[in-house]
Amino acid sequence: MSAAATAATPEAKALYENAKAAAAAEYKAARSRCDGIAGNPKDVCIAEAKAARVRADADATAQYRNTLRAYTKARVDIANADFALDRARCAALTGNERDVCVERAKASRTTALADAKADKKVIEARSDAREDKRIAEYKVAAEKCDALAGTAKDQCVSAAKSQFGY
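Per the working numbering, residue 35 is the first one in the sequence shown, and the count goes up by one each step.
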């Protein structure tokens, strides 16, 4: 996932800026719809608007940057926004129901954060394994070239280097 490949293009930057602007406009519209509501439903409405904006912004940023770090950060930001929304919904409840709701919200957030972290580690491990395999395959190809001599060996080594990215 190369950031230079995607983020450098003017089209990608324009898409990113359009997505951010659309998210801001949608948030503003959603927020204004909340003005006619009072009490906890208003808080929930505002939290829903914020969560939608965070989701749109995070997705746009992750796609624009196109890095593992950006995608992981997007998932964390979305998990935190969803947690804030769940907390707002829990505020309408009382007693044990509220406590259960808050614990459920915390559990959902913890699960989402753990999944994001685990996915990042899995992707990194696969990338490392792919690199290790590439190195091993290059060594095999280079060893096969040792049986040759002169120009044939040079061509074989050159072909192996180009095939495996050296």
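Just so you know, even glycine gets a beta-carbon here, dropped at the ideal spot from N, CA and C.
**Study point:** Proximity to Ala86 [Cα-Cα], best of Lys195, Ala170, Ala163 and Ala63
**Key:** Your numbering for residue 86 matches position 52 in the sequence shown. For Ala86, the closest alpha carbon among the candidates Lys195, Ala170, Ala163 and Ala63 is that of Ala63.
Review point. Taking C-alpha atoms, which residue in Ala55, Ile71 and Lys140 lies nearest to Asp116?
Key: Start at 1 with the first residue of the sequence shown, and residue 116 comes out as number 82. If we check each option's Cα against that of Asp116, Lys140 comes out closest.
Exercise for review: Entirely within the region 77 to 159 and at least 4 residues each: give me those alpha helix (DSSP H) ranges in chain order.
Suggested key: Within the region 77 to 159, the complete alpha helix (DSSP H) segments at least 4 residues long are 102 to 124, listed from N- to C-terminus.
Practice item. May I have the straight-line CA-CA distance separating Lys154 from Ala181, to the nearest angstrom? Key: In the sequence shown, counting from the first residue as 1, residue 154 sits at position 120. In the sequence shown, counting from the first residue as 1, residue 181 sits at position 147. Those two C-alpha atoms are separated by around 42 Å.
Point to revise | the region 69 to 84 / the region 95 to 114 touching (three or more Cβ pairs under 8 Å) | key: Touching, no.
Check your understanding: Given that a residue counts as buried once 16 or more other Cβ atoms are within 10 Å of its Cβ, and exposed if not, what is Val88?
Key -> The count along the sequence shown starts at 1 and reaches residue 88 at position 54. So Val88 ends up on the buried side.
**Study point:** Collapsed DSSP secondary structure at Thr185 in the structure displayed
**Key:** By one-based count along the sequence shown, residue 185 stands at place 151. In the three-state reduction of the DSSP assignment, Thr185 falls in the helix class.
Check your understanding: Would DSSP call Ile71 helix, strand or coil?
Key -> Sequence index remark: in the sequence shown, residue 71 carries index 37 (1-based). In the three-state reduction of the DSSP assignment, Ile71 falls in the coil class, being assigned neither a helical nor a strand state.
**Study point:** Close-in-space but distant-in-sequence residues of the same chain around Glu7 (CB under 8 Å, 5 per side omitted)
**Key:** The requested residue 7 is not part of the displayed model; the chain covers only 35 to 200.
Exercise for review: Flag this pair as yes or no: are the beta carbons of Asp111 and Ala92 separated by less than 7 Å?
Suggested key: Looking up residue 111 in the sequence shown gives position 77. Looking up residue 92 in the sequence shown gives position 58. In contact: Asp111 and Ala92 (Cβ atoms closer than 7 Å).
Check your understanding: Can you list, in chain order, the residues of its chain whose CB lies under 6 Å from that of Ala90, leaving out five sequence neighbours each side?
Key -> In the sequence shown, residue 90 corresponds to position 56, counting from 1. Here the set comprises Ala57.
**Study point:** Anticipated Cβ contact below 8 Å, Arg143 with Ala96, distance rounded
**Key:** Taking the first residue of the sequence shown as 1, we reach residue 143 at position 109. Taking the first residue of the sequence shown as 1, we reach residue 96 at position 62. In fact, because the Cβ distance is near 19 Å, the residues do not count as touching under 8 Å.
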